[in-house]
Each structure stands twice: as C-alpha cells, then as structure tokens.
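Our numbering numbers the first residue of the sequence shown as 17 and each following residue consecutively. Here a beta-carbon is modelled for each residue, glycine too, at the ideal position from N, C-alpha and C. For clarity, every value in this text was computed on a predicted model and none was experimentally measured. Below is one structure, written out as structure tokens; the observations come after it.
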Amino acid sequence: IDTTMSNSIVDINNDTEAKAASLLDASSSAGQKSVLFFWAEWHAPSASGGPFDTVVKALAGQSGSDGVTIYRVLAEEAPTLSQKYNVTTVPTFIFLNSDGTAIERIDGGEDVARVTQCYSRLAMSASTSSAPSSSEPATIISTQQPEETKEGQTLNNRLQSLITSSPIMLFLKGTPNAPKCGFSRQAIDMLTASNLTFGYFNILEDDAVRQGLKSYSDWPTYPQLYVKGELVGGLDIMKELMEEDGLVAQLELEDYVIGNSSSAVETNNDTTTTESALSLNDRLQQLINRHRIMLFMKGIPSSPKCGFSRQIVEILDSYNVSYDAFNILEDEEVRQGLKEYSDWPTYPQLYVEGDLVGGLDIVKEMEDGGDLKELLTGDVTD
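Set out below in structure tokens:
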C-alpha cells in the first residue's frame, strides 16, 4: 500500500489506499478530526503549486498541533471514496468531526480563505473537544489559562491562518465582485489589471477579524494586501508600486500571473507557429477551467466596459453564485484566440464546467426559460 505522508498530509492515490487509511469505513477517521481534500491533476488551482494546494500545505504545517489529519485525495482515482462523499467537482473539501460526521464542506469555487476559515473552526473544535476518556461530558473542560489570553491567542492563530491562506491575500470591504468602498475597488482593479490570482477576505462579515487585524499588523485601515504572509500595505503603497514597475515586478509575483505556466522554449523557425498555437490553446483551456463558472468579458465584474458585459454580470450576481472573470481587454492574444478556439465571435462568453454556454442572448434565453438556475447552482425546481 503506497500511502505517503509529508508535512502532516496523507496522500490518497486510489481506493486501496483509502481503505487502508480506514476512510471507507462506516465511521471514517473515528476519534480523530480530519480534512479530505479532493483534487485532480488537470485542475491547476488544486494541483501541485496551485492556490488550494498551497493553502493545504500551509495548514498542514500546523495540523499536527491542532490534532487534525489532512488527506489529499486524487478524486478520479478513488471513485468509491469520492462517491461516498458525493464529490462531483474539484476542489472539494470535507471537514470531518472526530465521530466521522461531516460538519462542513466546500464544493468547487476559488475562495481559498474559506478553506482556512473552515479549518480554523474544525481545529478549535478539536482542541476544545479533546475530552476526557471517561464518561464525563466533553463540554466540561477545565483550564488554568485566563479566558482573555486564550481568546487573543485563538484570534491571532486565525489571523495568521487567513494571512497565509493564499500567496496573495487581500483583506477588503466587500468582495471582488461587489466591493463596498472605493479604496477596495481600486485595490481589486490593480490586482486584476496585473492579471494576478489572489485570495480575499471580506472584513465586513467578521468584526473580530476586522478589529483584530488592525492590531495584529499595526495597520489601521483597509484594504490590506499581504504577499507570502507579509504585509505589503494599503492602497497608497499599492499605487506607488504600480507607478514604479508594477505589482508583479516590484513584489516578484511572476509565478502567480494567470497563464504564466506555459513554457517558453526555443524552437526551430519551421515549428514556432505550431508550438505557439499549442501554447495558446493550452492557456485558453487553463483559463476556461480556472473556475466552475468562468466569464470572459470586457472589463471586470466591478467595472464592466460594455453594456453586454454589465448585463451578464448582473444576471450572474442575481443568483449569488461564485464565479471568476477574465478581462479580455487586457490580453489581445486571449481575446482573438478564444473566438477561434470556441468558434464564438463575440463577447461576453460564459463557460460552465469547461463547456461554452454562449453569450448574453443565450444566457437571457436560459434565464427566461428557467434553465439558468439549474445550470449555475445545480438546483432542480419542479
């Protein structure tokens, strides 16, 4: 049985290894908190080096002390385990209590910060429920540590987990699709214009984080940008960096530029065109599959640059679904190449699970017919 463990991560590459790890039992991981991370090699965000893989490795560094085991499951090679937890997309995260019951789950999406938040709740539950082996209630736990000290340490641990949950992490008011202040909107625009993939946390949804982070990082305002766990600063700092050589060059973020995975290799003159086309197609395929719901548009969701793009953003936002967007005005190669790749001549273009849905007219027709909700959310209403 080839189960490997590295930095508190147990790799599950098939159902045989899942069975050996007792994950196929009726009460998986009974007696121990655990996280199941279902991924696929073809899905860049969850594959090695992707943002989800990065956050899992960061969490694994502390999982031993938290009493949590992380299992990294190759979803398609472990169909029995995937079926047991009804896994239909990657990444999927299952957060298991010590009795083997799933207390939270994340299906798809791009919100790496949410992974950290769910993990933190599981870890805190693990530390407070590591109860006596006797029949005494697990809720009765004695401690000599002052409550205020414990709460401060718990918050600091959570802030550290959030800050390191993505290589590029933005704390803002609102979300990238719906910023709630002008400063946050400008920060999002700069990151998007730099074609960077990033995680985010809406501080309006959690006042403990909102107030605690100010003290933790000694920075009194929002938004706040962190790179590789280190505070860069707020909007003024970001503007200064953009005015110099740009965020990518100044912060050495080349590895996190969307589409930079295509290799630049020397070729003979007679094969350059073919390899360039292959490289572009690979990049387009990667972009299309960057999120379960992927929109190619003019501008960004918070600032559409044409009426058609604005309308499709409004429709998607009305369903409260998670989606990603690519600004084709920032990349002429993608703008022209995608038209030929998908045989669709106009923008915006909407893709779901890697398949082209169409443009605004198609989306409107599906909305009028009641089919769009089922496509976007998977909900079937009779």
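Please say whether residue j and residue i have beta carbons closer to each other than 9 angstroms?
i	j	result
residue 228	residue 238	no
residue 400	residue 126	Residue numbering for the chain in the displayed model covers 17 to 398; residue 400 lies beyond these limits and cannot be assessed.
residue 183	residue 101	no
residue 54	residue 114	no
residue 219	residue 199	no
residue 112	residue 119	yes
residue 85	residue 141	no
residue 49	residue 83	yes
residue 193	residue 363	no
residue 399	residue 95	In this structure the chain extends from 17 to 398, so residue 399 is not present and cannot be described.
residue 185	residue 263	no
residue 346	residue 209	yes
residue 297	residue 357	yes
Just checking my contact of residue i with residue j at CB under 8 angstroms: how many whole Å lie between their CB atoms?
i	j	result
residue 316	residue 379	Between residue 379 and residue 316 the Cβ distance is about 18 angstroms, and since that is not below 8 angstroms, they are no contact.
residue 131	residue 71	5 angstroms
residue 247	residue 233	5 angstroms
residue 74	residue 181	7 angstroms
residue 341	residue 382	Not a contact, Cβ separation roughly 19 angstroms.
residue 37	residue 106	Contact flag wrong, Cβ pair sits at about 19 angstroms.
Per the DSSP calculation, residue i is bridged to which residue(s)?
i	result
residue 440	The chain is shown from 17 up to 398; residue 440 falls before or after that span and cannot be answered.
residue 366	311 and 374
residue 49	84
residue 187	217 and 240
residue 273	212
residue 319	316
residue 55	90
residue 195	190
residue 123	108
Suppose you measure from the CA of residue i to the CA of residue j; what does that come to, to the nearest Å?
i	j	result
residue 388	residue 303	22 angstroms
residue 89	residue 28	5 angstroms
residue 367	residue 391	11 angstroms
residue 204	residue 267	16 angstroms
residue 375	residue 134	35 angstroms
residue 93	residue 77	26 angstroms
residue 211	residue 274	6 angstroms
residue 124	residue 308	7 angstroms
residue 157	residue 138	With a pLDDT of only 29 at residue 157, under 50, the local geometry of the prediction cannot be trusted, and the value read off the model is given with reservation. Those two C-alpha atoms are separated by around 17 angstroms.
residue 109	residue 128	11 angstroms
residue 103	residue 310	20 angstroms
residue 217	residue 177	12 angstroms
residue 66	residue 301	16 angstroms
residue 61	residue 393	21 angstroms
residue 254	residue 58	33 angstroms
residue 269	residue 243	9 angstroms
residue 221	residue 252	24 angstroms
residue 201	residue 213	16 angstroms
residue 245	residue 236	18 angstroms
residue 326	residue 349	23 angstroms
residue 256	residue 189	21 angstroms
residue 265	residue 370	31 angstroms
residue 116	residue 170	24 angstroms
residue 386	residue 324	20 angstroms
residue 352	residue 295	14 angstroms
residue 195	residue 322	19 angstroms
residue 333	residue 240	25 angstroms
residue 355	residue 173	47 angstroms
residue 39	residue 51	11 angstroms
residue 33	residue 87	11 angstroms
residue 343	residue 179	26 angstroms
residue 260	residue 384	48 angstroms
residue 377	residue 191	27 angstroms
residue 215	residue 175	14 angstroms
residue 337	residue 360	24 angstroms
residue 69	residue 91	14 angstroms
residue 197	residue 320	17 angstroms
residue 328	residue 373	12 angstroms
residue 151	residue 318	Confidence at residue 151 is low in this model, with a pLDDT of 33, below 50, so its placement is unreliable and no value can be given for it.
residue 258	residue 47	51 angstroms
For the ligand ADP, any of its heavy atoms closer than 8 angstroms to the Cβ of residue i?
i	result
residue 308	This structure does not include the ligand ADP; it has no bound ligands of any sort.
| said: List, from N- to C-terminal side, the beta strand (DSSP E) runs of 3 residues or more that fit wholly inside the stretch 231-255. | reply: The qualifying runs are 240-243 and 246-249.
| said: Please give the ranges of any alpha helix (DSSP H) in the stretch 85-118, keeping only runs that are unbroken, at least 4 residues long and fully inside the region. | reply: You should have 95-100.
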